[in-house]
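FYI, the numbering for the sequence shown is 13 to 452, going by our numbering. Backbone N, C-alpha and C fix where the C-beta goes; we use that ideal spot for every residue, glycine too. Beneath this line is the structure, given in structure tokens, with notes to follow.
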Amino acid sequence: MVWAHRVDQDAAVRPGGTLRVWCDLLPASDGTAPFSIHTFNQITGGDTIFPRQAAIANDHFVFSGRNADDKQTSIGREFAELHGIGKPYYATPGDGIFHFYFPEQGLVVPGAFIPGADSHSRAYGAYGAVGTGVGSTQLGFGWSTGYIYFTPAKRRRVVFTGKLRPWVSGKDLVLALLRRWGKAQAQGMSVEFVDAERQLPIPYRNTVANMMAEAEAQNGIFAPDEVTLDWYRRKGISDLPYPSFAPGDKVTWDIDETLELSELVPFIAKPFAPGNAFPADDVAVEKLPFDKAFIGSCTNGGYDDLLEAALVIRAGRERGFEKAPKRFVIFPGSGGVKRDIENPEPRLGGESIASVLRSVGAQIRESWCGPCFGQGPDALKKGEIAITSFNRNWQNRMGVGGLGYLASPAVVASSALLGYMAGPTQLGIKWDPERFDVST
Numbered sequence: 013m014v015w016a017h018r019v020d021q022d023a024a025v026r027p028g029g030t031l032r033v034w035c036d037l038l039p040a041s042d043g044t045a046p047f048s049i050h051t052f053n054q055i056t057g058g059d060t061i062f063p064r065q066a067a068i069a070n071d072h073f074v075f076s077g078r079n080a081d082d083k084q085t086s087i088g089r090e091f092a093e094l095h096g097i098g099k100p101y102y103a104t105p106g107d108g109i110f111h112f113y114f115p116e117q118g119l120v121v122p123g124a125f126i127p128g129a130d131s132h133s134r135a136y137g138a139y140g141a142v143g144t145g146v147g148s149t150q151l152g153f154g155w156s157t158g159y160i161y162f163t164p165a166k167r168r169r170v171v172f173t174g175k176l177r178p179w180v181s182g183k184d185l186v187l188a189l190l191r192r193w194g195k196a197q198a199q200g201m202s203v204e205f206v207d208a209e210r211q212l213p214i215p216y217r218n219t220v221a222n223m224m225a226e227a228e229a230q231n232g233i234f235a236p237d238e239v240t241l242d243w244y245r246r247k248g249i250s251d252l253p254y255p256s257f258a259p260g261d262k263v264t265w266d267i268d269e270t271l272e273l274s275e276l277v278p279f280i281a282k283p284f285a286p287g288n289a290f291p292a293d294d295v296a297v298e299k300l301p302f303d304k305a306f307i308g309s310c311t312n313g314g315y316d317d318l319l320e321a322a323l324v325i326r327a328g329r330e331r332g333f334e335k336a337p338k339r340f341v342i343f344p345g346s347g348g349v350k351r352d353i354e355n356p357e358p359r360l361g362g363e364s365i366a367s368v369l370r371s372v373g374a375q376i377r378e379s380w381c382g383p384c385f386g387q388g389p390d391a392l393k394k395g396e397i398a399i400t401s402f403n404r405n406w407q408n409r410m411g412v413g414g415l416g417y418l419a420s421p422a423v424v425a426s427s428a429l430l431g432y433m434a435g436p437t438q439l440g441i442k443w444d445p446e447r448f449d450v451s452t
């Protein structure tokens, strides 16, 4: 893919070699865009020319309630107005977190090269694109030229084999990988994922590719397959710009490994690393308390993620768990998801996802990053503990002095009902794939 996007046709593509690469999309958030804008203006002299493939999403500081943050977001807004950047390339507050919103709008496609000024731009690998995080200065350079300087990394492959067990989702896959890789993590490599059984839906792949940021990988990618193409067809997109592709037989991998999915269980990651993960049933024995339960973010804020949670909540209600004893808050990945979860859902007996979640006391917020990086009124205060479906539980990440735990939406939902950290089995729910499996 990098070879196909070369600016200089005689440039060799090899690990460690730097070359100029054309970009299909260059997204930033309201948090990083001001620095990219500064670089763009330094290079162009502030001329009102259309920045090539520039995209900005207001998702980091929009609902914090601080006047200083309003000034921050105004920089990107004024830049977009000056250069005529409108939707879907400019996402207004509430439109969504950009790693959900831009794919949702069809701006991320298989075969694309997309450097973004946010580490979780790696999420685009779920759709068969090269998504990687870059600095704001590099992005501003890309806005000015249409290309960036890029150094391909060594290659690593992970083949997912076997069938998923009950309650295991994309979050558990990536927590298992981070746990296995330990302190070395992905060693800055480009990671290719192979879904051997074609069983991982796009939401699961999004979670895995997204958290290659925490794995310290250059990027993570699933080569497009029928799962990918079906996702686009259901969005009404059948005419994709790039031909299908897959690694050739002669590809050599610096590290080649297999993850047997039938051996995985739901996990909970304890502070202060996503790889500090333990089986949820083992953690349940500890009956770890918490102050807040959060579901959402760019990692697990899709419709299917929230459906997974609502299915657990509905089953829990049937067993007498009628109210979440602690604060329970939902952050949809996009405004579109926030609207969709208000619609009747057949798998919930005609109830909407939102109504099921609200029935046990959950509050549904606007689509933004919020407490995932310690912002807004829901951020953790000193001494507070949260069980979340977010991507990072580093020290002070969700709020200074707070402690964050990571898990799948299903595990967070069951924890919310129980009042301590545990998976759905602790609610006494018996697994029924026709009822609970959202991967089909």
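Give the range of the beta strand (DSSP E) segment to which Glu446 is assigned. It is not in any beta strand (DSSP E) - Glu446 instead sits in the alpha helix (DSSP H) that spans 445-448.
Kindly indicate which three-state DSSP category Pro27 falls into: helix, strand or coil? coil
In three-state terms, what does DSSP make of Arg377? coil
One question on the structure: do Lys175 and Ser274 come within less than 9 Å of each other, judged by their Cβ atoms? yes
Apart from the five residues on each side of it in sequence, which residues of its chain come closer than 6 Å, Cβ to Cβ, to Arg167? The residues Ser202, Trp265, Asp266, in chain order, have a CB closer than 6 Å to that of Arg167 in the same chain once the five nearest residues on each side in sequence are set aside.
Buried or exposed, going by whether 16 or more other CB atoms sit within 10 Å of the CB of Asn79? exposed
Distance, Lys299 Cα to Ala289 Cα: 16 Å
According to DSSP, what are the bridge partners of Tyr159? Trp34
Whose C-beta lies closer than 6 Å to the C-beta of Tyr102 among residues of the same chain, with five residues either side of it excluded? Ile68, Ala92
Can you tell me where the alpha helix (DSSP H) holding Tyr315 begins and where it ends? 315-330
Residue ranges of each alpha helix (DSSP H) within the region 139-218, 4 or longer: 148-157, 182-193
Sequence-distant residues of its chain with Cβ nearer than 6 Å to Gly287 (five each side left out): Leu190, Arg191
Please confirm if Gly58 has its CB atom under 9 Å from at least one CB of chain B. Of the protein chains in this structure there is only one, and it is not chain B.
What's the call for Val263, buried or exposed, on a 16-neighbour Cβ count within 10 Å? exposed
Euclidean distance between Cα positions of Thr311 and Phe110: 11 Å
What would DSSP say about Gly347, mapped onto helix, strand or coil? helix
Tell me where the alpha helix (DSSP H) around His417 begins and ends. The sequence shown places Tyr at residue 417, not His. Per DSSP, Tyr417 belongs to no alpha helix (DSSP H); it is in the beta strand (DSSP E), 415-418.
Drop a sphere of 10 angstroms on the beta-carbon of Gln54, count the other beta-carbons inside from all chains shown, and report buried for 16 or more, exposed for fewer. With fewer than 16 other CB atoms across the displayed protein chains lying within 10 angstroms of its CB, Gln54 is exposed.
Does Ala391 pass the burial test, meaning 16 or more other C-beta atoms within 10 Å, or should it be called exposed? Ala391 is buried by the Cβ-count criterion.
Since Leu360 contacts Ala322 with CB under 8 Å, what's their CB separation in whole angstroms? 6 Å
Reducing DSSP to helix, strand and coil, say where Ala80 ends up. helix
Three-state class that DSSP yields for Ile397 in the structure shown: strand
Inter-residue spacing [alpha-carbon to alpha-carbon] between Phe257 and Ala16: Straight-line spacing of the CA atoms in Phe257 and Ala16 works out to 11 Å.
Measuring alpha carbon to alpha carbon, tell me which residue in Glu204, Phe73, Lys393, Gln84 is nearest His50. Gln84
Three-state secondary structure (DSSP) at Ala66? Here DSSP, grouped into helix, strand and coil, assigns Ala66 to strand.
Going by Cα to Cα distance, which pick from Gly431, Glu269, Met410 is closest to Ala336? Gly431
Leu430: first and last residue of the uninterrupted alpha helix (DSSP H) it sits in: 421-430
Cβ-based burial, Val297 [other Cβ within 10 Å; buried from 16]: Answer is exposed; the Cβ neighbour count stays below 16.
In the structure shown, what three-state DSSP assignment does Glu238 receive? helix
Can you tell me which of Gly435, Asp81, Thr157 puts its alpha carbon nearest to the alpha carbon of Pro281? Correcting the residue type first, residue 281 is Ala in the shown sequence and not Pro. Ala281 has its Cα closest to that of Gly435, out of Gly435, Asp81, Thr157.
Segment limits, alpha helix (DSSP H) that includes Ala292: 292-298
Considering only the beta carbon of each residue, do Gly123 and Gly106 sit closer than 9 Å? no
Could you pull the start and end residues of the alpha helix (DSSP H) that Glu116 belongs to? 110-116
Could you give the distance in angstroms between the alpha-carbon of Phe99 and the alpha-carbon of Ser420? Note that residue 99 is Lys in the sequence shown here, rather than Phe. Distance between the alpha carbons of Lys99 and Ser420 is about 31 Å.
Spatial neighbours of Gly96 in its chain, beta-carbon cut-off 8 Å, leaving aside the 5 residues before and after: Excluding sequence positions up to five before and after Gly96, its CB lies within less than 8 Å of the CB of Phe62, all in the same chain and listed in chain order.
Tell me, please, whether the region 357-374 touches the region 401-416 by the rule of three or more beta-carbon pairs shorter than 8 Å. no
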